[in-house]
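A quick write-up on the structure given underneath.
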DNA sequence: AACGTCCTCAACCGCGGCGTG
DNA sequence: GCACGCCGCGGTTGAGGACGT
């Protein structure tokens, strides 16, 4: 079908040098974000536009918050993932200064492992084991390090039902446990985070809104296990 | 000290959505 | 309606550092 955009001979790949970073920063400072396709040539970079975009968004942007995720951020990611599935860009949009790549990496390297060690399926946020007795309230931080406790505690009352589909955004459905348990503004169809959008971002968000509305009108949201 | 394994994260790849002609 | 090009997203990879033996 479509040719890959980065198969040109002579374009650099792999790690970015300081000089390349500086060229990209200088160019975007002067001209702003825009046509990524033509940016590398204009900026004097032997990179494909995609690579430049990624480097800027994930690493060079001035508003990026670097460093460890806080407990609150981690909780938020888990909750948002339960609602949105692997839609990292949407999840990252709720975490100021975090990028989708960063959130995705953190999920795969930390949170996913943590949930698995607790006997929770990270894909659908349900406990894998068959419950032995009605569950007490589950404390993530308390049970995270104890594999024994995951076998004996924190079980859901109904047996986990196999529902592997990614969970769709449920907006303003006050009857489900997700909304009940979240003290979040999850009105994803309207309230995107505040930073002023470029026209490109705006377009994107409009299309996301459309998508979310489609999702919204689809199937009923299953009960989730959310701490 | 040397080696092997695990973990993290920056970067790449392929695909789908959208706009345009 | 169709083909094409661009952009952005999510999955995956691989280099290199951390850690264990």
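In this note's numbering, the protein residues as written are 283 to 509. The beta carbon of each residue, even a glycine, is placed where N, CA and C say it ideally should be.
In three-state terms, what does DSSP make of residue i?
i	result
residue 372	helix
residue 328	coil
residue 359	helix
residue 447	Residue confidence for residue 447 is low, a pLDDT of 41 falling below 50, so the modelled location carries little weight; the figure read from the coordinates is stated next. Three-state DSSP puts residue 447 in coil, outside helix and strand.
residue 531	One cannot answer for residue 531 here, as it falls past the ends of the chain, which runs 283 to 509.
residue 409	strand
When the Cα atoms are used, what is the spatial distance from residue i to residue j?
i	j	result
residue 360	residue 408	12 angstroms
residue 385	residue 297	20 angstroms
residue 310	residue 301	14 angstroms
residue 318	residue 312	14 angstroms
residue 388	residue 327	30 angstroms
residue 294	residue 383	21 angstroms
residue 371	residue 380	10 angstroms
Exposed or buried, what is residue i when buried is set at 16 or more other beta-carbons lying within 10 Å of its beta-carbon?
i	result
residue 402	buried
residue 378	exposed
residue 324	exposed
residue 406	buried
residue 347	exposed
**Q.** Meets three-Cβ-pair contact criterion under 8 angstroms: the segment 300-318 and the segment 338-358
**A.** These segments touch.
Q: Could you say if the segment 378-398 and the segment 351-370 meet the contact criterion of at least three C-beta pairs nearer than 8 angstroms?
A: Note that the segment 378-398 touches the segment 351-370; at least 3 beta-carbon pairs, one per stretch, sit closer than 8 angstroms.
Q. Below 8 angstroms, can you find three or more Cβ-Cβ pairs linking the segment 364-382 to the segment 325-335?
A. Remark: fewer than three beta-carbon pairs, one from each stretch, lie closer than 8 angstroms, so the segment 364-382 and the segment 325-335 are not flagged as touching.
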